[in-house]
Each structure stands twice: as structure tokens, then as C-alpha cells.
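When we follow the numbering used here, the leftmost residue of the sequence shown carries the number -6, and every step to the right adds one. Where a beta carbon is used, it is the ideal one built from N, C-alpha and C, also for glycine.
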Amino acid sequence: MKNFTLIILLVLFGFETINAQNSGNFWYFSAGSLNWCTPQANGDPLYTAGSMGGGEGYAMVSDANCNMIFYTDGTFVWNANWMIMSNSMSGSPGGSLQGSPSSTQSALIIPKPLSTTSYYIFTADANLGADGISYSRVDMTMNSGLGDIDLAEKNVLLISWATEKLNAVRHSNGVNIWVVCHPFNSANFYSYLVTSTGVIAIPVISSIGSFISGVSANTRGYMKFSQDGSRMVAAIEGMNMYELFDFNSTTGQVMNYIPLTGANYDDCYGVEFSATGQYLYGSERWGNQLRQWDISLPTASAIQASEVIVATLSSYAGKALLLGPDYKIYLARGSHNYVGRINYPDQP
């Protein structure tokens, strides 16, 4: 699949709580960028054409002035000069990184807590690849400030076989970060704590939700956190369902499972919360429905019954969903040269 997934930002949570000011205001796509630092007169982001390639998942980090620091497709890492970091090349020691451009959430970039010069890149392999979930550290003091992969912390394997779900959220202490993923052949979520000393390799394990096994389609679909970190949602493409949970940002536990599914659900893929966290949205990779649920309701049955079809897309092309710095939700469209937008995601 090519040219459909939104370029994933530094993190997919709390633009104002974990990123530096404005660092979430610059997005890359496969064929261009959206820039809120220098918006158009009507307030919409400025679009600039350009190509980063045709993969599905990317991650990038920019500074407070919307200057790109580096980006990755889960295998190679490009620096601010658009050059591949030498220690991420295939011929470097240990080879390229162990993610895949074909993975739903191929890579996740998070800052090392209390550091101004270190970032961790977590990667997810695709289609049941044996490289699973790994991480590498980018040292920005290397290569005259352009950064490179630290060979001493490169491709550190956490899970051998995993789904393509990978996301992160702040710890309740406001400093540390939880990185959450889901092994294959498992009904467990793994929460890894990242602190100023590094990645703690022993995860907090939550046995909850569906048992993910079988075909590779069951590994695909996005996982997201609400802006306050209290809710988590995962889409399971091959099982035609979404899963809603609570998340404890102090302990790292995933709790209170609510399945969202139905006879007309088809290849569930993109997910996103509104800014307040009251509403949840889900898209379909090969279906054409864009759904909304009111997740503030008190029971699972009430949440399921609150489902509204927000849009029926003109083609089977509903891909990633992402909350923008303008608090509108953007929808990537497969095989189209535009994105969709939910202008008022916090309204029923």
C-alpha cells in the first residue's frame, strides 16, 4: 500500500504536554506536508508538495519552529539535511532498523526524559515479521549535531512477534513515558516505561481484550490514547472491530475492555479521540464508513448504541485518523491527493 498514511508525529498524544511548543504543527505525508506554523489566511495549514516515498507508516520530529529534526520509515532514518543517518543504513553494523514501511505504526519517536540530545525510535515489523518490536537510540551529539544511531543501543529487541500497534503516553508524573504494544498469539498489552535512565525492559503486562492470532490482517490497525491519557483504543482490521479501554498512567495497566463491533463493520483501521476525549472516531481500511461514538456514556451498551455514521466515503479509502493542533481530526485517503477533515469532532 502506498501514499495513504498520515506521517506520524513525534508522538500521537498531547501536542501541548509532551512536545515542545509548536513541534506538533508540522506534518509530513508521502507526497507533501501540512504546516500550521505558517498557516493560510483562513487558518488552514499550508500545504507544500514534496515526496518522502511511498510507504505506509512514518515518524518524524520537529522543533518549536517547525524545522524537521529527523524522520524514519522504521528502517532508515533521515536527518535534517535529508541524508540517511549512516548507522541506519543496511551496510552499517547491525543493518537498518527493524521496523517496516508497510507496518501500520512502523515507528514511534519519543524524547528520552530529561535529555535534550537523545530520542528513542521504537519500531514495529510488518506482516508477522520476526523482528517484532525493537528500539534504537538517536544521539543528536553525533555527526556535528545532525545525529546518528548509537550502535550500543541499536535494534534492542523487546518482542519477537507482535502486532503492528505501537504508541506512547505520558506517565502520571509528567516526566516518564509509557510505550504500549501488543504481542502476537496473545491477549496481552505490554507497557514499557521509559525514564531518564533508559528503557526498562520488563513490561507491565495487562491480560485483556481479544486474543490476537491467525492471519496477518489481525495484526493491523491503529492504537491511540486520548489527550489526557486515560483512554486507549485499538482497531483490529482482520477481526472487523475496535476495542476501547481505560489506561492507568501511573501503573501502566490497561483496564475495562469494551468491544465495538457489528455486522456492517469492515476492516477497522484508523482511530482517534476528540480533544476533550468525549467522542471516539473509527475509519475502515477497505470499507467506507466513518463512525463516531460518545464514550462518556456510563455503560458499554450505551456507548455501542451511540454509534453515528459521520460519513460514507465515496470510495474504499478511509485510512489513518489524526487530531490536529487546530483540534480538528484529519483523515488520510487512500489513492487520493487530498485528506478529509472532521471540523467539529467534539460535537455529536
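Assigned exposure category for residue i - 16 Cβ within 10 Å defines buried
i	result
I152	buried
P318	buried
M76	exposed
S328	exposed
F240	buried
N58	exposed
I142	buried
Q14	Residue confidence for Q14 is low, a pLDDT of 46 falling below 50, so the modelled location carries little weight and cannot support an answer.
Q33	exposed
T156	buried
D260	buried
S83	exposed
P341	exposed
I302	exposed
L150	exposed
Run of the alpha helix (DSSP H) containing residue i, from where it starts to where it stops
i	result
S294	A293 to A298
Contact under 8 Å by Cβ, residue i with residue j
i	j	result
T254	M234	yes
T65	A100	yes
T244	V197	yes
Q210	G191	Strictly speaking, residue 210 in this sequence is Ala, with Gln absent from that position. Contact flag unset, no.
F182	Q220	no
F63	V173	no
G214	I229	yes
L283	G311	yes
P106	N169	yes
W154	A123	yes
I103	V70	no
G263	A313	yes
Separation of residue j from residue i, as counted between CA atoms
i	j	result
W20	Y331	14 Å
Q98	Q91	13 Å
Q297	I288	9 Å
L237	N136	43 Å
N72	G333	30 Å
L290	D339	14 Å
L306	E146	44 Å
Y68	L159	Per the sequence shown, residue 68 should be read as Thr rather than Tyr. Their Cα atoms are separated by approximately 15 Å.
P402	G207	Residue 402 falls outside the range modelled here, since the chain spans only -6 to 341, and no answer is possible.
S189	L139	22 Å
A268	V162	15 Å
N28	N18	6 Å
L316	N80	33 Å
T109	S308	44 Å
I322	Y51	18 Å
V247	M53	27 Å
S85	S276	39 Å
I205	S199	14 Å
S95	W286	29 Å
S111	M133	6 Å
W279	L324	14 Å
P38	N336	13 Å
L126	I195	Note on identity: in this sequence residue 126 is Ile, with Leu being the wrong assignment. Distance between the alpha carbons of I126 and I195: 14 Å.
M78	G88	12 Å
A295	S184	29 Å
Y250	R326	29 Å
Terminal residues of the beta strand (DSSP E) in which residue i lies
i	result
L139	No beta strand (DSSP E) holds L139; DSSP gives it neither H nor E.
W75	It is not in any beta strand (DSSP E) - W75 carries neither H nor E in the DSSP assignment.
A117	S111 to A117
V173	I170 to P176
D287	Q282 to D287
K105	Looking at the DSSP string, K105 is not in any beta strand (DSSP E), and its letter there is neither H nor E.
K312	G311 to L316
W20	F19 to F22
A52	A52 to S55
L90	Element bounds for L90: n/a, residue is neither H nor E.
Opposing strand residues paired with residue i [DSSP bridges]
i	result
W154	Answer by DSSP bridge pairing: none, since W154 is not bridged.
E265	Y274
V247	F240
Within-8 Å CB hit, residue i to chain C
i	result
M135	In the displayed structure, chain C is absent; only one protein chain is listed.
Residue i: CB within 7 Å of a non-hydrogen atom of the ligand NAP
i	result
N58	The ligand NAP is absent from the structure shown, which contains no ligand whatsoever.
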